[in-house]
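Input: a single structure, listed below in structure tokens.
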Amino acid sequence: MTLGVFLAVLGAAFLHALWNALIKLGTSKVGGMVILSIVEMPIGLAVIAVAAPIDPAAIPWVIAAGCTHFAYKFFLTYAYDRGDLSRVYPIARGAAPMVVALVGAFFLADAVSGQEYLAIAVLAAGILLMARGVFTSGEDRKLLPFALGSALATATYTLIDGMGARVSGAPAAYVAWVFVADGMFFTLGMLALRGWDVIPRNWHAWRMGSVASAASYGAYAVSIWAMTLAPIAVVAALRETSILFAVLIGWLVFGEKMTGEKAVASVVIVAGVMLTRL
Numbered sequence: 001m002t003l004g005v006f007l008a009v010l011g012a013a014f015l016h017a018l019w020n021a022l023i024k025l026g027t028s029k030v031g032g033m034v035i036l037s038i039v040e041m042p043i044g045l046a047v048i049a050v051a052a053p054i055d056p057a058a059i060p061w062v063i064a065a066g067c068t069h070f071a072y073k074f075f076l077t078y079a080y081d082r083g084d085l086s087r088v089y090p091i092a093r094g095a096a097p098m099v100v101a102l103v104g105a106f107f108l109a110d111a112v113s114g115q116e117y118l119a120i121a122v123l124a125a126g127i128l129l130m131a132r133g134v135f136t137s138g139e140d141r142k143l144l145p146f147a148l149g150s151a152l153a154t155a156t157y158t159l160i161d162g163m164g165a166r167v168s169g170a171p172a173a174y175v176a177w178v179f180v181a182d183g184m185f186f187t188l189g190m191l192a193l194r195g196w197d198v199i200p201r202n203w204h205a206w207r208m209g210s211v212a213s214a215a216s217y218g219a220y221a222v223s224i225w226a227m228t229l230a231p232i233a234v235v236a237a238l239r240e241t242s243i244l245f246a247v248l249i250g251w252l253v254f255g256e257k258m259t260g261e262k263a264v265a266s267v268v269i270v271a272g273v274m275l276t277r278l
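Under the UniProt record's numbering, the sequence shown is numbered contiguously, ending at residue 278.
Structure below.
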């Protein structure tokens, strides 16, 4: 992985933590996610209008990605209704790198070195330590099935997106098509489940949701681009440093408690990042 790709993925990690923080900050988490999804569609269509066309062979990957992104958003919003950003986010992201690494190496023939696997393991250990507090702090354990469901969806769409971008021949256009599918599937799905009242009617919610959507697109686009230049498993693990950014946002902006456990976990995550660069 080159320095440029490394720094780009770190930037994507920050953007990912940022849009999650904006969703968590909203009065209605589901409503905020619906706004994000609605705004995704014109962003995607604008990119499609100027980008090179994708290979038709990538269309099934686009549909599959849209479905798994729906699951990811569904589980994540319900988890945020039940827990803090600094707890839900680490759990939701924590299990994904291990699943991605195993599938990427054994089924997708990615060339991943022993050191890179060590980096993935260190990152995973830090992420799991960060999430451990849900068992010891008396927080609502009902968040766990939703956060873990989000983690499984993350692992699934990471693999789908990595393969889809490669098949498409045009990563930028692939990202745009996935955003259109993602936005459409989640918006229609929530309207079917919750009715029209799920869409917030106030300007503040739309402003927050729109910024979150732009940050989400930036994070996603950079990650997909990076997966065309570096092993999927390594990109997926490195972007889990968004955990560190999310914890800092939760602590400094939301006033969530910074415990010794969180601090140690942050150091472990940084160590994992450094291993990806040595």
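Using N, Cα and C, we set each Cβ at its ideal position, and we do this for glycine too.
Legend entry - Nearest-angstrom Cα separation, counted from L36 out to D197: Near 16 Å, if we compare the C-alpha coordinates of L36 and D197.
Inset, instruction - For the alpha helix (DSSP H) holding I158, just list the boundary residues, first then last. - result: Note that residue 158 corresponds to Thr in the displayed sequence, not to Ile. Run containing T158: L143 to S168, per the alpha helix (DSSP H) assignment.
Legend entry - Distance CB(V235)-CB(M1) smaller than 9 Å: yes
Inset, instruction - Could you tell me which of F135, R93 and L108 sits nearest to A125, measuring between CA atoms? - result: Comparing Cα positions, the closest option is R93.
Legend entry - Secondary structure of F135, DSSP reduced to three states: helix
Legend entry - C-beta atoms of I243 and P90 nearer than 9 Å: yes
Legend entry - Straight-line gap, Q115 to M274 (C-alpha atoms, nearest Å): 11 Å
Inset, instruction - Assign V211 to one of three DSSP states: helix, strand, or coil. - result: helix
Inset, instruction - Return the residue from the list A153, S213 and L229 that minimises the CA-CA distance to G66. - result: That would be A153, whose Cα lies nearest to the Cα of G66.
Legend entry - For V167 and S223, the rounded distance between their alpha carbons: Annotation: S223 to V167 spans about 16 Å, alpha carbon to alpha carbon.
Inset, instruction - Look at F185 and F75 and say whether their C-beta atoms are less than 9 Å apart. - result: Inclusion of F185 and F75 in the CB contact set at 9 Å is not warranted, their separation being larger than that value.
Inset, instruction - Look at the Cβ atom of Y78, then the Cβ atom of V30, and state whether they are nearer than 9 Å. - result: Less than 9 Å divides the Cβ of Y78 from the Cβ of V30.
Legend entry - Simplified DSSP state of N202, which is helix, strand or coil: coil
Legend entry - M190: first and last residue of the uninterrupted alpha helix (DSSP H) it sits in: P171 to R194
Legend entry - Other residues of its chain near S210: CB distance less than 6 Å, five sequence neighbours each side excluded: V39
Legend entry - Inter-stretch contact (C-beta, 8 Å, three-pair minimum) for the stretch 248-265 and the stretch 48-61: The stretch 248-265 vs the stretch 48-61: no contact.
Legend entry - Separation of W19 from A205, as counted between CA atoms: 13 Å
Legend entry - Bounding residues of the alpha helix (DSSP H) (the contiguous stretch that carries F75): I59 to Y80
Inset, instruction - Quick one: grab the DSSP three-state call for T27. - result: coil
Inset, instruction - Can you give me the start and stop residues for the alpha helix (DSSP H) that P90 sits inside? - result: L85 to G94
Legend entry - L118 to G272 span [Cα, whole Å]: 8 Å
Inset, instruction - Return yes when the C-beta of W177 is under 8 Å from any heavy atom of the ligand NAD, and no when it is not. - result: Only the bare structure without any ligand can be found here, which leaves the ligand NAD out of the picture.
Inset, instruction - Rounded to whole angstroms, what's the CA-CA distance from I63 to G83? Just pull it up for me. - result: 31 Å
Legend entry - Through-space distance from A214 to S266, alpha-carbon basis: 27 Å
Inset, instruction - Keeping to the same chain, check which residues put their C-beta closer than 6 Å to that of A147; ignore five residues upstream and five downstream. - result: A79, V88, I91 and A92
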